[in-house]
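Asker:
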Amino acid sequence: MKRTAPWDGPVDVISSDESCSSEAGVEVEKVESRLSSKIGPANELTPEDLLIRRAAMYQEYMKSIPVPTQRGSVIPFSSWVGLGKSIKQLYGQPLHYLTNMLLKQWDEMRVGSNDEHLSLDFMIHPCKAEASIWLVEEIHRRTTSPSHVAKLWLANPMYHAYVDSIFPQL
0 MKRTAPWDGP
10 VDVISSDESC
20 SSEAGVEVEK
30 VESRLSSKIG
40 PANELTPEDL
50 LIRRAAMYQE
60 YMKSIPVPTQ
70 RGSVIPFSSW
80 VGLGKSIKQL
90 YGQPLHYLTN
100 MLLKQWDEMR
110 VGSNDEHLSL
120 DFMIHPCKAE
130 ASIWLVEEIH
140 RRTTSPSHVA
150 KLWLANPMYH
160 AYVDSIFPQL
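First residue of the sequence shown: 0, per numbering that gives the first Met the number 0; consecutive thereafter.
1) Could you tell me which uninterrupted alpha helix (DSSP H) segments, each at least 4 residues in length, are contained entirely in the stretch 34-87, listed from first to last along the chain?
2) Assign Met-122 to one of two classes, buried (16 or more other C-beta atoms within 10 Å of its C-beta) or exposed (fewer than that).
3) Which residues in the same chain as Pro-67 place their Cβ atom closer than 6 Å to its Cβ, once the five residues preceding and following it in sequence are excluded?
4) Is DSSP giving Met-122 helix, strand or coil here?
5) Taking 8 Å as the threshold (beta carbon to beta carbon), is Trp-105 in contact with chain D?
6) Can you name the start and end residues of the alpha helix (DSSP H) that Ser-144 belongs to?
7) Answer yes or no: do Leu-179 and Glu-47 have a C-beta to C-beta separation smaller than 8 Å?
8) Less than 7 Å between C-beta atoms, sequence neighbours within five positions excluded: which residues of the same chain meet that for Leu-97?
9) So, is Leu-102 buried or exposed, given that buried needs 16 or more other C-beta atoms within 10 angstroms?
10) Distance check for Asp-106 and Ser-112, CA to CA, integer angstroms please.
11) Check each candidate in Ser-164, Arg-52, Asn-99 and name the one with the smallest Cα separation from Ala-149.
12) Return the first residue and the last residue of the alpha helix (DSSP H) that Asp-163 is part of.
13) Can you give the Cα-Cα distance for Ala-23 and Glu-43, rounded to whole angstroms?
14) Please identify the residue among Ile-74, Gln-58, Ala-54, Tyr-57 whose C-alpha is closest to the C-alpha of Ala-128.
15) Is Asp-163 near Leu-94, with beta carbons less than 8 Å apart?
16) Alpha carbons only, please: which of Asn-99, Ala-160, Gln-92 is nearest the one belonging to Tyr-60?
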């Protein structure tokens, strides 16, 4: 278990016999003042705390956006990231950070394959690909914990590049 402050000063132990004396109260106050001066004010937030709070607000916002149920057109695409950008433009909705990262990973997995040069919409029907993205998006919006998102953001200093700034009209 981690401590919030190092224990480099002496700690006064008060036995039950001394608890009635006025000196015991003074000793307890000395210990409390030494500890509080090392810990600092309770309202100071670390950058990690702020990031966790930002991730919680982000996740709540993403949960509030309904996933479209009507899909109107077939979107041609050559990459997963490209399909994601087209979906964002067509529906005016952001995609979750985790969905954007997954689309990037799917594109990276194609590098070096025999069909790397082929357009993706030639191999996978555009309606199936779009439905797959919306399914993954719904999972990310509904089930991702803010602490998991914050942990990923802490590990990736460039996480802003994968957080969409498109705001839908609710």
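For each residue, glycine too, the CB sits at the ideal point set by N, CA and C. Keep in mind it's a predicted model, so treat the numbers as computed, not measured.
Answerer: Straight from the coordinates:
1) 46-63
2) Here the question's residue 122 lines up with position 123 in the sequence shown. It is exposed - the Cβ of Met-122 has fewer than 16 other Cβ atoms within 10 Å.
3) Locating residue 67 in the sequence shown gives position 68, where the first residue counts as 1. Around Pro-67: Tyr-90.
4) Position 123 of the sequence shown, counted from the start, is the residue given in the question as residue 122. Reduced to three states, the DSSP call for Met-122 is helix.
5) The structure shown contains no chain D; it is built from a single protein chain.
6) As a first step, residue 144 is located in the sequence shown; it is residue number 145 there, counting from the start. Looking at the DSSP string, Ser-144 is not in any alpha helix (DSSP H), and its letter there is neither H nor E.
7) This structure leaves residue 179 out entirely; the chain is present only between 0 and 169.
8) Counting from one through the sequence shown, the residue named residue 97 turns up at place 98. Excluding sequence neighbours, Leu-97 sits near His-139, Thr-143.
9) One-based indexing of the sequence shown puts residue 102 at position 103. Classification of Leu-102: buried, given that the 10 Å Cβ count is 16 or more.
10) The residue labelled residue 112 in the question sits at position 113 within the sequence shown. The residue labelled residue 106 in the question sits at position 107 within the sequence shown. Those two C-alpha atoms are separated by around 11 Å.
11) The sequence position of residue 149 within the sequence shown is 150, counting from 1. If we check each option's Cα against that of Ala-149, Arg-52 comes out closest.
12) What you label residue 163 is simply residue 164 of the sequence shown in a count that begins at 1. Counting along the chain, Asp-163 falls outside any alpha helix (DSSP H), and DSSP gives it neither H nor E.
13) As a working mapping, residue 23 is identified with position 24 in the sequence shown. As a working mapping, residue 43 is identified with position 44 in the sequence shown. Confidence in Ala-23 is poor, its pLDDT being 46 and thus under 50, which makes the residue's placement too unreliable to answer from.
14) Counting from 1 along the sequence shown, the entry for residue 128 is found at position 129. Considering only alpha carbons, the answer is Ile-74.
15) Residue mapping note: residue 163 aligns to position 164 of the sequence shown, counting from 1. Residue mapping note: residue 94 aligns to position 95 of the sequence shown, counting from 1. Cβ atoms of Asp-163 and Leu-94: closer than 8 Å.
16) Here residue 60 refers to the residue found at position 61 when the sequence shown is read from its first residue. Measuring from the Cα of Tyr-60, the nearest candidate turns out to be Gln-92.
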